[in-house]
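Asker: Numbering (numbering that gives the first Met the number 0), first residue to last: 0 to 284.
Okay, handing you the structure first.
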Amino acid sequence: MRFAPVLLLAALAATPALSQPKPAPAAPAPAAPTAADWRTPKAEDVLVIDTNKGRIVVELVPEIAPQFTARVRELALAHFYDGLTFFRVIDDFMAQTGDPENRGTGQSDKPNVPAEFGFRRGPETPFALVVDQSVAEVGFIKSVPVSTQSMALAPLTRDGKISGYALYCPGVGGAARGEEVDSANSQFFLMRERFPQLERRYTAFGRVIAGQDVVRAIKTGEPVPEPQDRMTTVRMLTDIPEKDRPKIRVIDPAGPWFKAEIARARAAGGANFSACDINIPVEVK
């Protein structure tokens, strides 16, 4: 159950410039969020991963991968992931776990999960627009950045929906698989950095909303030398007693604060702007 990153070579050509363009004025930072700018994720969609390096909180997004999010939820509730290690971790790429053998060759006793490399977006899908590219729209479904066809095409389709796929920004969670596209099972990975080469090739199922610093602190290696960092307990938020349950809220992409953050990130990024540049604050108490 291993997957290999695509290696790209980039050639850089120096071109003389006659003059240096003036930088665009920076957009002001958004004001502090108000109560209307926050949303509370569904408890049944919040995965709490306690590791020896700290806590990671992942929001599952069934709108983009209903079958794999159901699998992760099922295995977490069965405590399948407790004690498993991060056995393959690449610094500017991702951290992989979820193998009961802790080496990349094992899986659960459940059937494999079919590929969910893309999804269908309808008018009911909670989508917040970031960039309208006429034939395509880039935005967010909850905490996950996505790219879809234009909603203007929806009336022309049989189901009244359009196609989309997740963007592999830092924190996005993906389903590991073998050579066969329908071979995802229990293993998953969390992105340490942006890696668009995985898009439309691996199922994305959610995103880290708290603890990305923990993801980046996990010991690296391919395979990781002993001792490997491990997940001590992995629970759904609903599985944690109410008195011990963290209170979590995330900036709502449909709110006014987020719109101001989009403007700031676009001004700062210029021609290189990406949805991965947008900050999504979270509060965990």
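By construction, the Cβ of each residue, glycine as well, lies at the ideal position given by its N, Cα and C atoms.
(1) To the nearest angstrom, report how far apart V214 and V88 are at their CA atoms.
(2) Using only alpha-carbon positions, find the residue among R191, Q66 and T104 that is nearest to A114.
(3) My assumption, with CB atoms under 8 angstroms, is that L59 sits in contact with R72. Please give the rounded CB distance.
(4) Tell me the residue span of the alpha helix (DSSP H) that contains R206.
(5) Indicate whether the contact test is met: 3 or more Cβ pairs, each with one atom in the region 243 to 257 and one in the region 76 to 90, closer than 8 angstroms.
(6) Among the candidates A75, Q196, E123 and D36, whose CA atom is the shortest distance from the CA of E43?
(7) Rounded to whole angstroms, how far is the Cβ of A151 from the Cβ of G159, which I believe are closer than 8 angstroms?
(8) Using a threshold of 8 angstroms, state whether the C-beta atoms of R206 and V45 are closer than that.
(9) Can you list, in chain order, the residues of its chain whose CB lies under 7 angstroms from that of G138, leaving out five sequence neighbours each side?
(10) Kindly indicate the opening and closing residues of the alpha helix (DSSP H) around I261.
(11) Kindly indicate which three-state DSSP category P291 falls into: helix, strand or coil?
(12) Might you give, ordered along the chain, the residues of its own chain that have their beta carbon closer than 6 angstroms to the beta carbon of T147, omitting 5 neighbours on each side?
(13) How far does the beta strand (DSSP E) with I151 in it extend, from its first residue to its last?
(14) Would you list, in sequence order, the uninterrupted alpha helix (DSSP H) runs of no fewer than 4 residues that lie entirely inside the region 41 to 96?
(15) Could you give the residue range of the beta strand (DSSP E) that holds S162?
(16) Ignore the nearest five residues each way along the sequence and tell me which others in R54's own chain have a CB closer than 6 angstroms to its CB.
(17) Around the Cβ of V180, are there at least 16 other Cβ atoms within 10 angstroms (buried) or fewer (exposed)?
Answerer: Judging by the given coordinates:
(1) 10 angstroms
(2) Q66
(3) 7 angstroms
(4) That residue, R206, is in no alpha helix (DSSP H); its beta strand (DSSP E) goes A203 to A209.
(5) no
(6) A75
(7) Incorrect: roughly 12 angstroms between the Cβ atoms, too far for contact.
(8) no
(9) F126, A127, L128, V129 and V145
(10) P255 to G268
(11) The question about residue 291 has no answer here: the residues shown for the chain are numbered 0 through 284.
(12) R120, E136, I161 and G163
(13) For clarity, residue 151 is Ala in the given sequence; the question names Ile instead. Note, A151: premise wrong, no beta strand (DSSP E); not H, not E.
(14) 65 to 76
(15) I161 to A165
(16) G210
(17) exposed
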